[in-house]
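Visitor: The numbering of the sequence shown is the numbering used here, which starts it at 22 and goes up by one.
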Amino acid sequence: MADTEEDNSALASFFPDPPLFWKAFTPSNLQAFAELKQQYASQQGIPVEDVVRIPNLPADSDLIYLQPPAEPKDGTWRSYGEPQS
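Following this line, the structure appears as structure tokens:
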């Protein structure tokens, strides 16, 4: 019987845990990010739909995970081992 219990726990850990930043996607964080995005768009005089990233978000804030990563500074990156630009 103990072998069966061990087998069940082995199957339970077959898939990896989700990344830690998934906890940042709370309704309150989504609302706060939408407000910051609206504020940034009005400051820049652009439609909110055109805002891709909000610069200068604090790195220790969970809101940083709600936007895509910045593009590489040199303008090129790799995808599946191939250089892209």
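All C-beta atoms in this analysis are idealised placements derived from N, C-alpha and C, irrespective of residue type, glycine included. Predicted model only: the values in this text are computed from it and were never measured.
Per DSSP, which residues does R74 bridge with? Please list them.
Guide: As a working mapping, residue 74 is identified with position 53 in the sequence shown. The partner list for R74 (beta bridge, DSSP) is empty, contrary to what the question assumes.
Visitor: Evaluate L51 with the Cβ neighbour count: other Cβ atoms within 10 Å of its Cβ, from every protein chain shown; 16 or more gives buried, anything less gives exposed.
Guide: What you label residue 51 is simply residue 30 of the sequence shown in a count that begins at 1. L51 is exposed by the Cβ-count criterion.
Visitor: Since P104 sits in a beta bridge, which residues does DSSP pair it with?
Guide: Reading the sequence shown from its first residue, position 83 is the one you call residue 104. DSSP, once it has assigned bridges, lists R99 as partnering P104.
Visitor: Work out the CA separation of P76 and G102 for me, nearest whole Å.
Guide: In the sequence shown, residue 102 corresponds to position 81, counting from 1. In the sequence shown, residue 76 corresponds to position 55, counting from 1. In a straight line, the C-alpha of G102 is about 28 Å away from that of P76.
Visitor: Start and end of the alpha helix (DSSP H) containing F54?
Guide: Taking the sequence shown and counting its residues from 1, one reaches residue 54 at position 33. F54 -> alpha helix (DSSP H) spans 48-65.
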